[in-house]
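Beneath this line is the structure, given in structure tokens, with notes to follow.
Residue numbers (my numbering): 2 to 258.
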């Protein structure tokens, strides 16, 4: 099934990504996170789109600091997590885990994916098979665990395993090449990972983005999703450890990589 909605990936700051989601039938346009306003404004102007909604995943400055400037030129409803509302720009709609809302004739599902921060949410559109994951699930990685616990982050990542493997994962940063180098220290014999690492390196050599990615790719190669898999456990010498402890060890190793 092809996505009925148009997705535009926009680089921002030094290594962030923001996304436009557009429904041509209604003219509705959403932006997911606002690291800075100018690239988003330029993309909207180029396409002649009117911004109607701003979806925020979490409170870190590199995901929200452009909201005020963007809204000054493009008034739009701001949507974010109720649990994080005290640290976000003023919200027109505050949502919690399990809530849904409509965009472009589709349901958008709100997922609490706390760990990187407490109150971090992802937006999932099952019909279009797309998920905006920001700094929870990332291409070949996941966000650092700043506010939550390792077990909480592992449990959050498990939520993505319930999605269609063909889901497009729209994450928040261009960290993929470094993530690939690290992943190879966890699964050095994985042919799927080696192939993906080569493709990522080639894309970056040409200045091309490595996100979005497919969930199927992450399931096959992302060590943070594979902490419960036997090859990873064996390589780490943690065959009998609970999966969340394996995940925690992988995250600790990445933090000092």
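From the three backbone atoms N, C-alpha and C, an ideal C-beta is built for every residue, glycine too.
In chain order, what residues of the same chain have a beta carbon less than 8 Å from the beta carbon of residue i, not counting five sequence neighbours either side?
i	result
residue 165	127, 130 and 216
residue 3	For residue 3, the predicted structure reports a pLDDT of 49, less than 50, and the residue's modelled location is therefore unreliable. The matter cannot be settled from this model.
residue 147	117 and 118
residue 27	105 and 106
residue 206	none
Would residue i be called buried (16 or more neighbouring beta carbons within 10 Å of its own) or exposed?
i	result
residue 87	exposed
residue 227	buried
residue 16	exposed
residue 167	exposed
residue 77	buried
residue 197	buried
residue 213	buried
residue 51	exposed
residue 81	buried
Pick from the options: whose alpha carbon is nearest that of residue i?
i	options	result
residue 100	92, 114, 110 and 91	110
residue 104	32, 141 and 174	32
residue 230	219, 218 and 244	244
residue 58	12, 112 and 108	112
residue 174	96, 90 and 143	143
residue 34	89, 50 and 209	89
residue 176	207, 160, 157 and 136	136
residue 46	211, 201 and 75	75
residue 30	210, 20 and 39	20
residue 115	66, 125 and 98	98
residue 54	14, 60 and 68	68
residue 43	61, 9, 201 and 80	9
residue 11	225, 209, 246 and 256	209
residue 91	102, 60 and 108	60
residue 79	48, 108, 256 and 56	56
Leaving aside the five residues before and after residue i along the sequence, list all residues of the same chain whose C-beta is less than 6 Å from its C-beta, in chain order.
i	result
residue 73	none
residue 134	123, 170 and 172
residue 84	120
residue 223	141
residue 6	22, 24, 105 and 129
residue 248	155 and 228
residue 13	19, 36, 37 and 40
residue 95	83 and 86
residue 240	234
With a CB to CB cut of under 7 Å and the five nearest residues on each side skipped, what residues in its chain are close to residue i?
i	result
residue 271	This structure gives no information on residue 271, because the portion of the chain shown stretches from 2 to 258.
residue 194	184, 185, 188 and 222
residue 138	158, 161, 170, 172 and 219
residue 204	211
residue 201	177, 178, 181 and 211
Examine chain B for any beta-carbon lying closer than 9 Å to the beta-carbon of residue i, and answer yes or no.
i	result
residue 126	Considering every chain present, this structure includes no chain B. It has just one protein chain.
So within the stretch 171-221, which uninterrupted beta strand (DSSP E) runs reach at least 3 residues, ignoring any that extend past its ends? none
Cβ contact (3+ pairs, closer than 8 Å) linking the stretch 140-160 and the stretch 243-255: yes
Taking 8 Å as the threshold, find out whether the stretch 184-192 comes into contact with the stretch 227-246 through three or more Cβ pairs. yes
Only counting runs of 3 or more residues, tell me where the beta strand (DSSP E) segments fall wholly within the stretch 113-144, in order along the chain. 122-126 and 131-135
Just to confirm the assignment: which complete alpha helix (DSSP H) runs, minimum length 4, are found wholly within the stretch 29-62? 39-48
What ranges does the alpha helix (DSSP H) occupy inside the stretch 66-90, keeping only unbroken runs of at least 4 residues that lie completely in it? 68-74
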